[in-house]
Amino acid sequence: MKHITDVHNGREYLVERANKQNINDLRHVNNVVLPVIYNNDRVYNQMVDFGAFSYIVYDKKNDKREPIAGVGCRLEMMRKRAEKEEDETYPVPLKLNVMTLSVLSAYRGRGIGRALMGLIFDQVPQFENQEMNMAEVNHVYLNVQTSNEDAIRFYQNIGFTIVETIKNYYKRVDNQDCHVLTLSRCNIPSKV
Ligand SMILES: CC(C)(COP(=O)(O)OP(=O)(O)OC[C@H]1O[C@@H](n2cnc3c(N)ncnc32)[C@H](O)[C@@H]1OP(=O)(O)O)[C@@H](O)C(=O)NCCC(=O)NCCS
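Mind the numbering: the sequence shown is residues 572 to 763 in the numbering used here, read in order.
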């Protein structure tokens with residue numbers, strides 16, 4: 572069983588991999604925290620499919636546990652496999668997309684976001700060892716609203732850099748432009 576320790580008071584929060592039973596807890600936290608609502612079940616199904624990279628954090632209150640944070644990712648191929656590729660068994664390199672990262676406001680600044688990113692970074696080599704025929708993860712990337720300065724600073728703190736800005740990326744929100752931030756495999760920190 573995984574835990575995240577609160578850097579302020581030493582309290583331990585339970586961490587679970589995303590699965591079919593708990594995925595609505597992640598959806599709940601995202602709906603509370605994020606300006607963009609993912610109504611599309613496909614996004615959450617992908618997080619379940621890539622449960623090694625998607626986690627939910629719980630706080631225990633009076634014998635009840637409440638979801639307080641989470642991260643949701645998916646693996647994507649870097650390119651489509653060419654139709655007449657010579658060696659079809661040769662794995663196409665992957666990129667890890669952090670689709671959502673959310674911490675309820677009362678729990679921010681306690682090291683939970685950083686610890687969640689550390690958890691998924693740890694999974695990169697482990698995943699490759701388990702899935703013998705999987706390609707390497709070439710880089711991690713994510714999209715952030717250009718107006719979300721706190722999150723941009725947060726990601727830059729752990730090594731991400733802005734590589735692109737896309738106009739009108741988000742629909743039905745006030746600030747529609749996004750930055751694309753990436754972290755290449757060789758720069759993934761061993762300790763976040
Ligand atoms: C961005 C977010 C995930 C960070 O999570 P968190 O648990 O508060 O972050 P941590 O406590 O792990 O902080 C890690 C570092 O980032 C810094 N940081 C975090 N939030 C910050 C903020 N709002 N302003 C400035 N720095 C911040 C911390 O100071 C800390 O640095 P340090 O370890 O050098 O002191 C959280 O603020 C959040 O959920 N925001 C709203 C949703 C969002 O914007 N998600 C990202 C886009 S998908």
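Idealized CB from N, CA, C, for every residue including glycine.
Minimum C-alpha distance to residue i - residue among the options
i              : options                           : result
lysine 631     : Ile575, Ser761 and Asp721         : Ile575
methionine 648 : Ile723, Glu707 and Gly581         : Glu707
leucine 675    : Leu605, Ile759 and Asp721         : Leu605
lysine 762     : Glu720, Asn728 and Ile639         : Asn728
tyrosine 626   : Lys573, Asn580 and Asp612         : Lys573
threonine 671  : Gln694, Glu637 and Ile594         : Ile594
arginine 679   : Arg645, Gln697 and Val628         : Val628
valine 711     : Asn580, Gly643, Ser755 and Val578 : Ser755
arginine 613   : Arg645, Phe731, Pro664 and Leu690 : Arg645
proline 664    : Val695, Arg636 and Gly682         : Val695
asparagine 610 : Ile759, Pro760, Arg743 and Glu583 : Arg743
Proximity test, residue i beta-carbon vs ligand 1 heavy atom, cut-off 8 angstroms
i                 : result
serine 718        : no
phenylalanine 725 : yes
asparagine 758    : no
asparagine 602    : no
aspartate 596     : no
serine 673        : yes
valine 711        : no
tyrosine 678      : yes
aspartate 721     : yes
alanine 686       : yes
alanine 640       : yes
arginine 743      : no
First and last residue of the uninterrupted beta strand (DSSP E) at residue i
i             : result
glutamate 735 : 732-737
tyrosine 741  : Taken as a continuous stretch (DSSP letters only), tyrosine 741 belongs to no beta strand (DSSP E), as it is neither H nor E.
glutamine 766 : There is simply no residue 766 to check, as the chain begins at 572 and stops at 763 in what is shown.
histidine 766 : For the chain, the structure presents residues 572 to 763; residue 766 sits outside this window and is missing.
Span of the alpha helix (DSSP H) around residue i
i              : result
methionine 618 : 612-620
leucine 752    : Premise fails: leucine 752 lies in the beta strand (DSSP E), 749-755, not in any alpha helix (DSSP H).
isoleucine 724 : Rather than isoleucine, the amino acid found at residue 724 in this sequence is arginine. Segment 720-728, the alpha helix (DSSP H) holding arginine 724.
arginine 681   : Premise fails: arginine 681 is in no alpha helix (DSSP H) and is neither H nor E.
asparagine 595 : 594-604
Same chain, Cβ closer than 6 angstroms to residue i, neighbours up to 5 away in sequence not counted
i              : result
isoleucine 737 : Cys749
isoleucine 639 : Val628, Asp630, Leu675 and Tyr678
Contacting residues, own chain, Cβ-Cβ under 7 angstroms from residue i (five flanking each side not counted)
i              : result
glycine 622    : Arg588, Ala589 and Asn590
asparagine 602 : Ile608
glutamine 747  : Asn739, Tyr740 and Tyr741
valine 619     : Ala589, Asn590, Lys591 and Ile594
Strand pairing of residue i, partner residues [DSSP]
i              : result
serine 673     : Gly641
tyrosine 626   : Arg588 and Val642
methionine 648 : Leu665
lysine 635     : Lys632
Close Cβ partners of residue i (< 8 angstroms) along its chain, the five nearest in sequence each way excluded
i          : result
valine 715 : Ala722, Ile723, Tyr726, Cys749, His750 and Leu752
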